[in-house]
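For reference, the structure is listed below as structure tokens.
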Amino acid sequence: MKGRPAPAGRSPRRPTPELAVRILDRLEAAHPEATCALVHRSAFELSVATILSAQCTDLRVNMVTPRLFARFPEAASLAAASLPEVEEIIRSTGFYRAKARSIVGFARGLVERHRGRVPADFDAMVALPGIGRKTANVVLGHAYGMNEGIAVDTHVLRVANRLGLATGDDPVKVEAQLMALVPRTRWTRTTDLVIFHGRKVCDARRPACAGCPVFDLCGWESRQAWANPGGPGAPSRPRPRRTAG
Ligand code: SF4
0 MKGRPAPAGR
10 SPRRPTPELA
20 VRILDRLEAA
30 HPEATCALVH
40 RSAFELSVAT
50 ILSAQCTDLR
60 VNMVTPRLFA
70 RFPEAASLAA
80 ASLPEVEEII
90 RSTGFYRAKA
100 RSIVGFARGL
110 VERHRGRVPA
120 DFDAMVALPG
130 IGRKTANVVL
140 GHAYGMNEGI
150 AVDTHVLRVA
160 NRLGLATGDD
170 PVKVEAQLMA
180 LVPRTRWTRT
190 TDLVIFHGRK
200 VCDARRPACA
210 GCPVFDLCGW
220 ESRQAWANPG
230 GPGAPSRPRP
240 RRTAG
């Protein structure tokens, strides 16, 4: 039986732990500054900022959180907040009604179940309102130094598929594939490096394959075309001017 062709943008190659480690070593050398870009001072602040970052840039989130945390500095005050006031503060992050309900619900869950403290436990985290696997992985990794999983956002989905380290667009399945390849001690770092690489180099629409530090290790079939001067990544030539006569 013929295998199904790999979907567009994905690599048909079978990945190995050795390949994953080589790629991560290269990304580490190329992007040593990669880290969580959400400004925070505590696990509580990072949890709220991560919830707000859905469908929004970290830059935008960092613009609203100083005011939000000045007004609601810990779980107890946010749990008691009025939704309209929270909505007004976070409005520019988009989906502000749903996000306001999520962060207030999260704060109430912390107060009711964990005396206002963010639990350093994955299962307890994902049981809280507003917290999914991605947020739990980010918070446990960056606030508590734990390697509980690999946070899979849109950048990790795209880059992992192009590199040939994972297949598919289901974040849970892609996380499981990556965790099977990457040593546990590097899970949090994998998130930071792959997200950073996706933002700075492996752009969704215009990947900078020509200067990519993992070009020779990448499994994406289209990378050569994007690296060629005449390929899809090349700047379009100016049209010749029409001259009169
Ligand atoms: S070679 Fe291109 S597609 Fe592959 S990781 Fe680098 S930028 Fe992304």
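Each step along the sequence shown adds one to the number in numbering that gives the first Met the number 0, with nothing skipped, and position 99 is 98.
Ideal Cβ placement from N, Cα and C applies to all residues, glycine included.
With a cutoff of 7 Å, V213 counts as near the ligand SF4, since its C-beta is closer than that to a heavy atom of the ligand. Here M178 carries a helix assignment [DSSP, helix/strand/coil].
Nearest neighbour of S46 by Cα position, chosen from K172, Q54, A179, G129, turns out to be G129. The shortest C-alpha to C-alpha distance from C35 to any of K172, T189, V213 is the one to T189. Secondary structure at A99: helix, using DSSP grouped into helix, strand and coil. The segment 14-28 makes contact with the segment 206-223, as at least three CB pairs between them are under 8 Å. Distances from the CB of C55 to the heavy atoms of the ligand SF4 are all 7 Å or more. At least one heavy atom of the ligand SF4 lies closer than 7 Å to the C-beta of C217. Between the alpha carbons of A79 and T187 lies a distance of about 32 Å. In summary, A69 is exposed, with fewer than 16 beta-carbon neighbours lying within 10 Å of its beta-carbon over all protein chains present.
CA-CA distance, T15 to N160, rounds to 14 Å. DSSP places A69 in the uninterrupted alpha helix (DSSP H) bounded by 57-70. Here the C-alpha atom of K133 lies approximately 33 Å from the C-alpha atom of A224.
G140: member of the alpha helix (DSSP H) spanning 132-143, first to last residue. Remark: C-beta atoms of V110 and H154 do not approach each other more closely than 8 Å. A distance below 8 Å between beta-carbons, with the five flanking residues on each side excluded, links V85 to the following residues of its chain, in chain order: L67, F71, L77, A99, I102, V103. The beta-carbon separation of E73 and F105, rounded to 12 Å, does not stay under the 8 Å limit for a contact. Under the three-state reduction of DSSP output, A33 falls in the coil class, being neither helix nor strand. The beta carbon of M62 lies closer than 8 Å to those of S91 in the same chain, with the five residues before and after it left out. In this structure A209 is in contact with A226, their Cβ atoms being roughly 4 Å apart against a cut-off of 8 Å.
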